[in-house]
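J.: According to our numbering, the stretch in the sequence shown is residues 96 to 218, in order. Just so it is clear, CB atoms sit at the ideal spot from N, CA and C, and this is done for glycine as well. Computed from a predicted structure; not experimentally measured.
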Amino acid sequence: MSIDPAFMELIQAHERTWGLEQYPGRPTLSELLNSPVVVMWSQQARTQAEQARGADPTPSKFLLTAHQNVDELQEIILGMILANKVVADPKRRIFRIFVRQKQVEIRGIQLIVSEKSEGRPKR
């Protein structure tokens, strides 16, 4: 299998930046190279107060996650939108998505709604 040069550059930069340092859920090099979907996450200063204090809005380190299909991302994105359940840090954002080592972009999100059932507690 031929590896896309831009994708390989991203993987190499990730490995050099993090070295042996770990972060929760950090995929192995093998997982990154063999997973059908790889997501690059940034952690940016979001608030005006943080930026006023001189926080650099450009992330210094990216986090990568490996996924078996794009459907796995739907649950993550839904959690980010509705309850911020999946992503512990609200500053964490999707920066790039690669499918089969080719960069793709999110074109839209479909919202599916239903009537609230009586059995669910109110929030």
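Could you tell me whether the Cβ atoms of L159 and V194 are closer together than 8 Å?
T.: What you label residue 159 is simply residue 64 of the sequence shown in a count that begins at 1. What you label residue 194 is simply residue 99 of the sequence shown in a count that begins at 1. Not in contact: L159 and V194 (Cβ atoms no closer than 8 Å).
J.: Along the beta strand (DSSP E) that carries L192, what are the first and last residues, could you check?
T.: In the sequence shown, residue 192 corresponds to position 97, counting from 1. Checking the displayed sequence, the identity of residue 192 turns out to be Ile instead of Leu. Annotation: the continuous beta strand (DSSP E) that includes I192 extends over R187 to V194.
J.: Roughly how many angstroms separate the alpha carbons of R99 and A161, rounded to a whole number?
T.: As a position in the sequence shown, residue 99 is number 4, starting the count at 1. As a position in the sequence shown, residue 161 is number 66, starting the count at 1. It should be noted that the sequence gives Asp, not Arg, for residue 99. One C-alpha to the other measures close to 16 Å.
J.: Helix, strand or coil, according to DSSP, for Q107 in the structure here?
T.: Stepping through the sequence shown from its first residue, residue 107 is reached at position 12. Q107: helix per DSSP, three-state reduction.
J.: Tell me, please, whether the stretch 162-173 touches the stretch 120-138 by the rule of three or more beta-carbon pairs shorter than 8 Å.
T.: yes
J.: Measure from the alpha carbon of R202 to the alpha carbon of each residue in S209, K211 and R191, then state which is nearest.
T.: Taking the sequence shown and counting its residues from 1, the one referred to as residue 202 is at position 107. Comparing Cα positions, the closest option is R191.
J.: Going by DSSP, name the residue or residues bridged to V133.
T.: On the sequence shown, residue 133 is found 38 positions in, with the first residue counted as 1. Beta-bridge pairing links V133 to A161 and F193.
J.: Note the first and the last residue of the continuous alpha helix (DSSP H) segment covering E167.
T.: Counted from its first residue, the sequence shown places residue 167 at position 72. Element bounds for E167: D166 to L177.
J.: Assuming Q205 and A101 are in contact, meaning their beta carbons sit under 8 Å apart, how far apart are those beta carbons, in whole angstroms?
T.: For the purposes of this step, residue 205 is identified with residue 110 of the sequence shown, where counting begins at 1. For the purposes of this step, residue 101 is identified with residue 6 of the sequence shown, where counting begins at 1. Their Cβ separation, rounded to whole angstroms, is 29 Å, which puts Q205 and A101 out of contact at 8 Å.
J.: Using a Cβ-Cβ cut-off of 6 Å (strictly less than) and excluding sequence neighbours within five positions of T112, which residues of its own chain qualify?
T.: Numbered from its first residue, the sequence shown carries residue 112 at position 17. Taken in chain order, the residues that qualify are K156.
J.: Could you round the C-beta distance between R188 and S137 to whole angstroms and report it? I think they count as a contact, below 8 Å.
T.: The count along the sequence shown starts at 1 and reaches residue 188 at position 93. The count along the sequence shown starts at 1 and reaches residue 137 at position 42. A Cβ-Cβ distance of about 5 Å is found for the pair R188 and S137, placing them in contact under the 8 Å criterion.
J.: Classify Q117 as buried or exposed, calling it buried when 16 or more other Cβ atoms lie within 10 Å of its own Cβ.
T.: As a first step, residue 117 must be located in the sequence shown, where it is residue number 22. Q117 counts as exposed, since fewer than 16 other beta carbons sit within 10 angstroms of its beta carbon.
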